[in-house]
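Trainee: Handing you a structure now.
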Amino acid sequence: MGRSLAQAAMEEGKSATYLPSYGVEVRGGTCNCTVAVSDEEIASPIASSPEYVVVMNQPSLVKFQNQIESGGLLFVNSSLVDSQISRGDIDVVRVPASSMAEELGNPKSVNMVMMGAFIKKTNLVSISTLIDGLASALKNKEDLVEINKKALLAGYGLF
Amino acid sequence: MDGNSAIGEAAIRAGCQCYFGYPITPQNELTEYMAAHLGKRKGCTFIQAESELAAINMVFGASVVGARAMTSSSSPGISLKQEGISYLAACELPAVIVNMCRGGPGLGSIAAAQSDYFQATRGGGHGDYRTIVLAPSSVQELADFTHRAFDLADKYHTPVLILGDGMLGQMMEPVEFKHEAPEVLPVRSGALRGAKGRPSRIIKTLSSNPADVEELNWSLFRRYELIKKEEVTYETFMVDDAKLIVVAFGIAARIAKGAIKNARASGLQVGMLRPTTLWPFPSQKVRELAQNTKQFLVFELNMGQMIEDVQLALEGKGEVSFYGRPGGVVSAPNEVLRVITRLYYQKGLEK
Amino acid sequence: MKTVYTHPKYLKKVPFHYCPGCGHSVIHRLIAELIDEMNIHDRVLGIPPCGCSVFAYNYLDIDMTEAAHGRGAAVATGMKRAFPEAIVFSYQGDGDLAAIGTAETIHAANRGENITVISVNNAVYGMTGGQMAPTTLLDQWTTTTPYGRDAKTAGHPVKMCELVAVLDGSVYVERTAVDSPANIRKAKKAIQKGFQVQMDNLGFSLVEVLSPCPVNWKMTPVESWEWIEKEMEKVFPLGIIKDTTGKKDAD
Ligand SMILES: Cc1ncc(C[n+]2csc(CCOP(=O)(O)OP(=O)(O)O)c2C)c(N)n1
Ligand code: SF4
Ligand SMILES: [Mg+2]
């Protein structure tokens, strides 16, 4: 998800860095990446307090909700995260991404549902750049492109 | 493209013919890139060796017969390669070695660190020698410096080290390759290719006569003097009116730059010196900056190693403070900003 | 008139530094003769080890590069891969090959590197003053086994030929000795075969040579020849250990 966002930002002529976390992470635990998008050269690829945080599960919420900048946007996968958000100085966007993806018939497209919602709210990149990016990343796998595109549009259409 | 792959692609475009590696995180993408892309090229070789020791000695062999060769690893593996690096230096053979440094000592952590600065800049293995050490801080520089590393290695007949870290290797940024891969490079002169129509050649380091080895050392250090004169590189950022200069390299310099931009936004006159060659170190530049700026802050992802080079360069003509996080913990820009701000006011620089 | 003896063309005209009765000088001579006879001087590359024979480059008049202790097979791998037309041989002591360099040797053999390893087994570390080698016989006295090698604390003699032979990558493995004129001729033939295997691109060859070290064994040269025959050959049997080249002889 972070990768396609960074890729799309570059396609649109912005500076972008994508920094994955790596290590001996267990599946279902936390696993994160940092994307920086800017109109200028990017100094630090590490963000002290990001403007946007997207959390896909409960452990990530616990770990990352305090990092977000005051006034920032927190996107949560409300299908998997049910607890209250303790911070009052940020806006929360709830996206039932997992259940939507399941309804679409492909639970793995959960990231794309979230991505659709994310760019609709943030306007960081345009949806058409993302769709073009999907097509080139998944060459020769047209059925996959279709699935992901559907998910993207579903998330985009949520708001 | 991720940083590790960018090194691989740049190496191939620099005419690297042989890559010998051994898996270790966080540089596996480079080994995998070479397995996929170098091995299939005509006249080129990829081997996953049985150890880092074997890998560096394979590099040695390839260099002996005149090929451009490289290896890569991360901290524990680089320790094993020191044997070979010392022999390469002694035999005056070119080679490129990449260290995607991680937190140490021991197995440490696989996260980004700069704990191998001393090992990299002081020779690293046994004996009196140095290797050129390049310190990139972006994916573009990983690519550019890889090409430069091969050229420097050939120019000065010396091993060249690229000191990166786990974060740089895994990070993705746009990158532009400025060269096309050559068909085949000519064989380097002086290589062992069989004594056809010429006297036989010997590449060796051992001598029963200490005076021979002394002469080898003299000649190495004459060359090192030349390298110090010709090859120092660095970047400066907003130093002209700076009352405080942060000295940082590699990924730490990116973080520091983020912090400095914020410091500037709140009116603090802070600048940065980023050495891009760690050996030779830009000592001259440090002294030059000290004519206008008296306060220096060295920021490293270790317990303080480069700070010694800054202190040596200053010869007491400036005050040096240090901030660092070891073991693979990476500071965010606001943490560095807090350090900068505190120091700035402590030293009364706002006046 | 027929020439029965001459100085080999590719042996430099300098006196050997080896001890009287040492096997290294004999083996150097065999290699020099073969380089001439096989007409490979223009493309042969040799790798002397850390060990008594490190100065092989002072005697063999060919392109040679030193390797770090034990790394001969890895250096040879790099050379051969980057310059496949060359004929690359490493010349290694038993400690070099079977202790510090075991991994490099086994894996070069296993990859089927098209190189020739000539290993000189004198059952001790000669250069450093006669310490135990991996090949030291049980009960043998050395400076670091002053009560004789005890299998309980110091293990057993390592048989590299047999180890290498079980690897699918090796094609030709022979153990020889330089303890009699007949065996010296056999040793020469074995090295010749090793070079030929490489020239035919068949894969990894290893020729081990049992070789006297009278000084460290505290024997006269004649006694040491006898000791090889009576003691060493019991543990390290001579002969072809493996040959999957499909040809009988190198000539
Ligand atoms: C890394 C390293 N450790 C130790 C040595 C010291 N050393 C030199 S030669 C040698 C052993 C030589 O024994 P062997 O390989 O059997 O050869 P020989 O002298 O018996 O022919 C040793 C231990 C070294 N040169 N390098
Ligand atoms: S110590 Fe042994 S192996 Fe070394 S030169 Fe003397 S006799 Fe030969
Ligand atoms: Mg020996």
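Protein chains in written order, with the numbering used here: chain A, 438 to 596; chain B, 702 to 1052; chain C, 255 to 505. Here a beta-carbon is modelled for each residue, glycine too, at the ideal position from N, C-alpha and C. The model shown is predicted, which means the values in this text are computed figures rather than measured ones.
Judging by CA-CA distance, which residue of C:V329, C:A352, C:H282 and C:Q450 is the nearest neighbour of B:A750?
Mentor: As a position in the second sequence, residue 750 of chain B is number 49, starting the count at 1. For B:A750, the nearest C-alpha among the options comes from C:V329.
Trainee: In angstroms, rounded to a whole number, what distance separates the CA positions of C:S373 and B:G767?
Mentor: Walking along the third sequence from the start, residue 373 of chain C turns up at place 119. Walking along the second sequence from the start, residue 767 of chain B turns up at place 66. Rounded to whole angstroms, C:S373 to B:G767 spans 26 Å at the Cα level.
Trainee: In three-state terms, what does DSSP make of A:V518?
Mentor: Numbered from its first residue, the first sequence carries residue 518 of chain A at position 81. Coil, per DSSP.
Trainee: Are the CB atoms of A:L510 and A:T559 nearer to each other than 8 Å?
Mentor: As a first step, residue 510 of chain A is located in the first sequence; it is residue number 73 there, counting from the start. As a first step, residue 559 of chain A is located in the first sequence; it is residue number 122 there, counting from the start. Cβ atoms of A:L510 and A:T559: closer than 8 Å.
Trainee: Which chain B residues sit within Cβ distance under 9 Å of C:I289?
Mentor: Locating residue 289 of chain C in the third sequence gives position 35, where the first residue counts as 1. Residues of chain B passing the Cβ test: none, with the nearest at roughly 10 Å.
Trainee: Helix, strand or coil for B:S788, going by three-state DSSP, please let me know.
Mentor: Here residue 788 of chain B corresponds to residue number 87 of the second sequence, with the count starting at 1. Per the sequence shown, residue 788 of chain B should be read as Tyr rather than Ser. In the structure shown, B:Y788 sits in a helix (DSSP, three-state: H, G or I).
Trainee: Alpha carbons only, please: which of A:R440, A:S475, A:Q444 and A:L571 is nearest the one belonging to A:S452?
Mentor: Position 15 of the first sequence, counted from the start, is the residue given in the question as residue 452 of chain A. For A:S452, the nearest C-alpha among the options comes from A:S475.
Trainee: Report buried or exposed for B:D912, applying the criterion of at least 16 other Cβ atoms within 10 angstroms of its Cβ.
Mentor: Counting from 1 along the second sequence, the entry for residue 912 of chain B is found at position 211. According to the sequence provided, residue 912 of chain B is Ala. The question's Asp does not apply to it. Per the 10 Å Cβ criterion, exposed.
Trainee: Just the Cα atoms here: how many angstroms apart are B:H738 and B:I748?
Mentor: Sequence index remark: in the second sequence, residue 738 of chain B carries index 37 (1-based). Sequence index remark: in the second sequence, residue 748 of chain B carries index 47 (1-based). If I take the Cα positions, the gap works out to 12 Å.
Trainee: Who are the near neighbours of C:F309 in its chain, counting only those whose CB is closer than 8 Å to its CB and skipping five residues on each side?
Mentor: Counting from 1 along the third sequence, the entry for residue 309 of chain C is found at position 55. For C:F309, where only same-chain residues beyond five positions count, the Cβ hits under 8 Å are H271 and P302.
Trainee: Using only the alpha-carbon positions, how far apart do B:P981 and B:V1031 sit?
Mentor: For the purposes of this step, residue 981 of chain B is taken as residue 280 along the second sequence, with counting starting at 1. For the purposes of this step, residue 1031 of chain B is taken as residue 330 along the second sequence, with counting starting at 1. In a straight line, the C-alpha of B:P981 is about 26 Å away from that of B:V1031.
Trainee: Taking DSSP as the reference, what is the three-state secondary structure of B:L979?
Mentor: Here residue 979 of chain B refers to the residue found at position 278 when the second sequence is read from its first residue. The answer is strand: DSSP assigns B:L979 an E or B state.
Trainee: Hey, is C:G349 close to ligand 3, as in C-beta under 7 Å from one of its heavy atoms?
Mentor: The residue you call residue 349 of chain C lines up with position 95 of the third sequence. Answer for C:G349: yes, Cβ within range of ligand 3.
Trainee: So is the beta-carbon of C:Y379 under 7 Å away from any non-hydrogen atom of ligand 1?
Mentor: If you number the third sequence from 1, residue 379 of chain C lands on position 125. Answer for C:Y379: yes, Cβ within range of ligand 1.
Trainee: At 9 Å on the CB atoms, spell out the chain C contacts of B:L917, in chain order.
Mentor: Residue numbering aside, residue 917 of chain B sits at position 216 when the second sequence is read from its first letter. Those within 9 Å of B:L917 in chain C number zero; the least Cβ separation is about 13 Å.
Trainee: Of the residues that make up the stretch 491-515 of chain A, which ones have a beta carbon closer than 8 Å to any beta carbon in chain B?
Mentor: Within the stretch 491-515 of chain A, no residue qualifies.
Trainee: Could you tell me the alpha carbon to alpha carbon distance between C:P338 and C:G384, rounded to whole angstroms?
Mentor: Mapped onto the third sequence, residue 338 of chain C falls at position 84. Mapped onto the third sequence, residue 384 of chain C falls at position 130. If I take the Cα positions, the gap works out to 37 Å.
Trainee: For C:D505, which residues of its own chain have a beta-carbon under 7 Å away from its beta-carbon, when the five flanking residues on both sides are left out?
Mentor: As a working mapping, residue 505 of chain C is identified with position 251 in the third sequence. A caution first: C:D505 carries a pLDDT of 45, below 50, which makes its placement in the model unreliable, though a value can still be read off. Same-chain partners within the cutoff: there are none.
Trainee: Express the C-alpha separation of B:S967 and B:S752 in angstroms, rounding to a whole number.
Mentor: Translated into positions along the second sequence, residue 752 of chain B becomes position 51. Translated into positions along the second sequence, residue 967 of chain B becomes position 266. Cα to Cα, the separation comes out at about 51 Å.
Trainee: For B:E1020, name the three-state secondary structure that DSSP assigns.
Mentor: Numbered from 1 along the second sequence, position 319 holds the residue referred to as residue 1020 of chain B. Three-state result, B:E1020: strand.
Trainee: Expressed to the nearest angstrom, what Euclidean distance is found between the alpha-carbon atoms of C:V268 and C:Y313?
Mentor: Here the question's residue 268 of chain C lines up with position 14 in the third sequence. Here the question's residue 313 of chain C lines up with position 59 in the third sequence. Whole-angstrom Cα-Cα distance: 7 Å.
Trainee: Going by the C-beta, is C:G305 closer than 7 Å to any heavy atom of ligand 3?
Mentor: As a position in the third sequence, residue 305 of chain C is number 51, starting the count at 1. Checking every heavy atom of ligand 3 against the Cβ of C:G305, one is found closer than 7 Å.
Trainee: Taking 7 Å as the cut-off, is the beta-carbon of C:T398 closer than that to any non-hydrogen atom of ligand 1?
Mentor: Looking up residue 398 of chain C in the third sequence gives position 144. No, Cβ of C:T398 sits at least 7 Å from all heavy atoms of ligand 1.
Trainee: On a CA-only basis, which of B:R831, B:A953, B:T1042 and B:F997 is nearest B:R1026? Give me that one, please.
Mentor: One-based indexing of the second sequence puts residue 1026 of chain B at position 325. Among B:R831, B:A953, B:T1042 and B:F997, the Cα nearest to that of B:R1026 is on B:A953.
Trainee: I'd like to know whether the C-beta of B:E874 is nearer than 8 Å to at least one C-beta of chain A.
Mentor: Residue numbering aside, residue 874 of chain B sits at position 173 when the second sequence is read from its first letter. Using beta-carbon distances, B:E874 counts as an interface residue toward chain A, with a partner under 8 Å.
Trainee: Any Cβ of chain B within less than 8 Å of the Cβ of A:M438?
Mentor: Counting from 1 along the first sequence, the entry for residue 438 of chain A is found at position 1. Cβ-Cβ to chain B under 8 Å: no for A:M438.
Trainee: Output, in chain order, the set of chain B residues within a Cβ distance shorter than 8 Å of A:M447.
Mentor: Indexing the first sequence from 1 puts residue 447 of chain A at position 10. The contacting residues are P875.
Trainee: Using beta-carbon positions only, say whether C:G332 and B:C719 come within less than 8 Å of one another.
Mentor: In the third sequence, residue 332 of chain C corresponds to position 78, counting from 1. In the second sequence, residue 719 of chain B corresponds to position 18, counting from 1. Result yes, Cβ atoms of C:G332 and B:C719 sit closer than 8 Å.
Trainee: Can you find a CB in chain B that lies within less than 8 Å of the CB of C:G380?
Mentor: Locating residue 380 of chain C in the third sequence gives position 126, where the first residue counts as 1. With 8 Å as the cut-off, C:G380 does not count as an interface residue toward chain B.
Trainee: Can you check whether the C-beta of A:S486 is within less than 8 Å of a C-beta belonging to chain B?
Mentor: Locating residue 486 of chain A in the first sequence gives position 49, counting from the first residue. Judged by the 8 Å Cβ criterion, A:S486 is in contact with chain B.
Trainee: Leaving out five residues on either side along the sequence, give the residues of the same chain with a beta carbon under 6 Å from the beta carbon of B:C717.
Mentor: Translated into positions along the second sequence, residue 717 of chain B becomes position 16. Excluding positions up to five away in sequence, the list reads R769 and M771.
Trainee: Candidates B:T859, B:K962 and B:I725: which alpha carbon is nearest B:I833's?
Mentor: Here residue 833 of chain B refers to the residue found at position 132 when the second sequence is read from its first residue. Selected option, being the one with the closest Cα: B:T859.
Trainee: Which residue from C:Y264, C:I354 and C:C273 puts its Cα closest to that of C:M473?
Mentor: Within the third sequence, residue 473 of chain C is the residue found at index 219, counting from 1. Answer by Cα proximity: C:C273.
Trainee: Kindly indicate if chain B contains any beta-carbon less than 8 Å away from that of A:T454.
Mentor: Numbered from 1 along the first sequence, position 17 holds the residue referred to as residue 454 of chain A. Cβ-Cβ to chain B under 8 Å: yes for A:T454.
Trainee: Does any C-beta atom of chain A lie closer than 8 Å to the C-beta of B:M771?
Mentor: Walking along the second sequence from the start, residue 771 of chain B turns up at place 70. Chain A, which has no Cβ nearer than 8 Å to the Cβ of B:M771, makes this no.
Trainee: Could you tell me whether the Cβ of A:A574 comes closer than 8 Å to any Cβ of chain B?
Mentor: Here residue 574 of chain A is taken as the residue at index 137 of the first sequence, counted from 1. Judged by the 8 Å Cβ criterion, A:A574 is not in contact with chain B.
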